[in-house]
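So the sequence shown is numbered by my numbering: it starts at 8 and just counts up by one.
Working notes, beginning with the structure itself.
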Amino acid sequence: SRVLSTTSLSKVLSGLKNPPKVLLCASGTGIYGDRKDELLDENSAHGTGFLTEVAEEWEGATESATKSGIRVVNMRFGIVLSPAGGALKELLIPFKMRMGAYWGKASSAYMSWIAMDDLLGAIRFCMQNDNINGPVNFVAPNPVTNYEFICALEKVFNQKAFLPVPSSLLKLFMGQKAQDLLLSSTRVHPKKLLEHKFEFRYPKIKDALKHLTGNATK
Numbered sequence: 008s009r010v011l012s013t014t015s016l017s018k019v020l021s022g023l024k025n026p027p028k029v030l031l032c033a034s035g036t037g038i039y040g041d042r043k044d045e046l047l048d049e050n051s052a053h054g055t056g057f058l059t060e061v062a063e064e065w066e067g068a069t070e071s072a073t074k075s076g077i078r079v080v081n082m083r084f085g086i087v088l089s090p091a092g093g094a095l096k097e098l099l100i101p102f103k104m105r106m107g108a109y110w111g112k113a114s115s116a117y118m119s120w121i122a123m124d125d126l127l128g129a130i131r132f133c134m135q136n137d138n139i140n141g142p143v144n145f146v147a148p149n150p151v152t153n154y155e156f157i158c159a160l161e162k163v164f165n166q167k168a169f170l171p172v173p174s175s176l177l178k179l180f181m182g183q184k185a186q187d188l189l190l191s192s193t194r195v196h197p198k199k200l201l202e203h204k205f206e207f208r209y210p211k212i213k214d215a216l217k218h219l220t221g222n223a224t225k
């Protein structure tokens with residue numbers, strides 16, 4: 008598993024005569040749980056549930072490296088937006104078919120997202136900045152509700168979302184991913200990245216979607 012492999016890697020690195028200066032380990036904003044509209048940063052308390060437990064165990068697996076003096080960055084990824092896969096690819100399908108959809112009761116839930124370009128830039132930034140360690144939220148500075156996300160898609164594709172999709176149908180087609188990505192509410196702030204002056208190329212959802220969907224002229 009990811010936890011066992013990270014634990015083993017951490018122990019091996021901590022025993023080296025010349026260990027690496029930094030270890031970057033993936034994690035997720037799921038560690039905060041379903042928190043409605045509460046604004047969360049790296050100092051916020053953890054939530055409860057399966058995703059929280061997985062993230063806690065994964066971050067804890069780097070303990071050996073941290074104790075040995077290796078700079079560890081626990082990268083708490085939000086929803087990574089890329090047309091090549093993940094949530095965005097699936098959400099774009101109805102819009103490309105001119106059948107834009109929205110999900111009713113979950114419209115007020117927050118989604119903490121980041122464009123793939125900014126994700127890669129932030130990883131490089133953390134690798135090169137010796138002053139960054141511990142948990143870091145890899146999210147854009149402007150989290151949006153599901154409703155705001157769909158509104159942005161409407162503007163980018165110049166069409167109206169008119170098909171209401173119930174939560175049960177989302178779960179049928181997307182499985183657990185629907186609960187984790189669309190139905191739970193996690194409003195996360197990239198406090199550490201901003202404090203260390205990381206510059207986001209796409210801090211706003213509409214600009215990110217224009218770029219990622221190839222509709223930059225709209």
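Built from N, CA and C at the ideal position, the CB exists for glycine as well.
{"query": "Using the Cβ count rule (16 or more neighbours within 10 Å means buried), how would you classify residue 66?", "result": "buried"}
{"query": "Which term fits residue 164, buried or exposed, when burial requires 16 or more other beta carbons within 10 angstroms of its beta carbon?", "result": "buried"}
{"query": "Within 10 angstroms of the Cβ of residue 224, are there 16 or more other Cβ atoms? Answer buried if so, exposed if not.", "result": "Note on residue 224: pLDDT 43, under 50, position unreliable in the model; the coordinate value appears next. The residue is exposed, with fewer than 16 neighbouring Cβ atoms inside 10 Å."}
{"query": "For residue 32, which option in 150, 203, 145 and 191 has the closest C-alpha, if you only look at C-alpha atoms?", "result": "145"}
{"query": "By DSSP's criteria, residue 142 is part of a beta bridge. Which residues make up the other side?", "result": "81"}
{"query": "Excluding the five sequence neighbours on either side, which residues of its own chain have a C-beta within less than 7 Å of the C-beta of residue 98, listed in chain order?", "result": "none"}
{"query": "Tell me whether residue 152 sits in a helix, a strand or coil according to DSSP, three-state version.", "result": "strand"}
{"query": "Which stretch, first to last residue, makes up the alpha helix (DSSP H) that contains residue 71?", "result": "70-74"}
{"query": "According to the Cβ coordinates, are residue 120 and residue 212 closer than 8 Å?", "result": "yes"}
{"query": "Would DSSP call residue 223 helix, strand or coil?", "result": "Because the pLDDT at residue 223 is just 46, under 50, the model does not fix this residue reliably, and the value given afterwards should be weighed accordingly. Three-state DSSP puts residue 223 in coil, outside helix and strand."}
{"query": "Distance, Cα to Cα, residue 209 vs residue 63?", "result": "29 Å"}
{"query": "May I ask you to report which of helix, strand or coil DSSP gives residue 47?", "result": "strand"}
{"query": "Using a Cβ-Cβ cut-off of 8 Å (strictly less than) and excluding sequence neighbours within five positions of residue 198, which residues of its own chain qualify?", "result": "48, 49, 50 and 144"}
{"query": "Are there 16 or more other CB atoms within 10 angstroms of the CB of residue 92, so buried, or fewer, so exposed?", "result": "exposed"}
{"query": "Could you compute how far the alpha carbon of residue 75 sits from the alpha carbon of residue 195?", "result": "30 Å"}
{"query": "Would you mind stating whether residue 69 and residue 30 have Cβ atoms separated by less than 8 Å?", "result": "yes"}
{"query": "For residue 208, name the three-state secondary structure that DSSP assigns.", "result": "coil"}
{"query": "Given a cut-off of 8 Å on the beta-carbon distance, is the pair residue 137 and residue 78 in contact?", "result": "yes"}
{"query": "Hey, quick one: how far does the beta strand (DSSP E) through residue 31 stretch, first residue to last?", "result": "29-35"}
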